[in-house]
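Enquirer: First, the structure itself, so that you have it in front of you.
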Amino acid sequence: MEYCLSNKYLPSRLYRIDYPGSRTSYTRSEGFMAADRRKTYEDQADAIFKRDIVKQFTWSCRDPVPFISLFSDREHAENWGLKQPWRGTATYLSCSDWALYVIDTDRLDDACFFRLKDLVECLG
0 MEYCLSNKYL
10 PSRLYRIDYP
20 GSRTSYTRSE
30 GFMAADRRKT
40 YEDQADAIFK
50 RDIVKQFTWS
60 CRDPVPFISL
70 FSDREHAENW
80 GLKQPWRGTA
90 TYLSCSDWAL
100 YVIDTDRLDD
110 ACFFRLKDLV
120 ECLG
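Each residue of the sequence shown is one higher than the one before, starting from 0 at the first, in numbering that gives the first Met the number 0.
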């Protein structure tokens, strides 16, 4: 099971929208942390990996997963942030409670990145 994106295909910058209620946490000292930082996948764990990818992109799922969602395109990230899907029908939430972070991928030598398009093609 090898789905990690090769560093040669990784853009120099990625973008993260930090918003209230996100399963991903952020601190200045540690940066972004996935909700589940201990989980690993065995070589034959495609079904479990696929289940967790589906959880990551199921808005109503609050289970901890070992992924952090990022955007490769700044404009796409900004547009997603402006839509504020985390607010749902809770119009009482502030409209300015999110932030855009720029991530320098050259500083993340040991990180494993996945491209959603590739995962959809491989995992169906």
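Cβ coordinates follow ideal geometry from the N, Cα and C atoms, glycine included. The structure presented is a predicted model; accordingly, all values stated were derived computationally and were not measured.
Going residue by residue through the region 33 to 67, where are the continuous beta strand (DSSP E) segments of at least 3 residues, counting only ones entirely within it?
Expert: Here no run is fully enclosed.
Enquirer: Within the chosen definition, does the region 70 to 89 reach the region 47 to 56 through at least 3 CB pairs nearer than 8 Å?
Expert: Taking 8 Å as the limit for Cβ pairs, the verdict is that the region 47 to 56 does not touch the region 70 to 89.
Enquirer: So, with DSSP's three-state summary, where would you put residue 30?
Expert: Correct three-state label for residue 30: strand.
Enquirer: Just checking my contact of residue 3 with residue 111 at CB under 8 Å: how many whole Å lie between their CB atoms?
Expert: The Cβ separation is near 4 Å, so the contact holds.
Enquirer: On the criterion of 16 or more Cβ atoms from any shown chain inside 10 Å, does residue 8 qualify as buried, or is it exposed?
Expert: Residue 8 is exposed by the Cβ-count criterion.
Enquirer: Where residue 123 and residue 113 are concerned, what is the direct C-alpha to C-alpha distance, given to the nearest angstrom?
Expert: For residue 123 and residue 113, the distance between alpha carbons rounds to 15 Å.
Enquirer: What's the call for residue 13, buried or exposed, on a 16-neighbour Cβ count within 10 Å?
Expert: Answer is buried; the Cβ neighbour count reaches 16.
Enquirer: In terms of alpha-carbon separation, which member of 21, 72 and 5 lies closest to residue 33?
Expert: Selected option, being the one with the closest Cα: 21.
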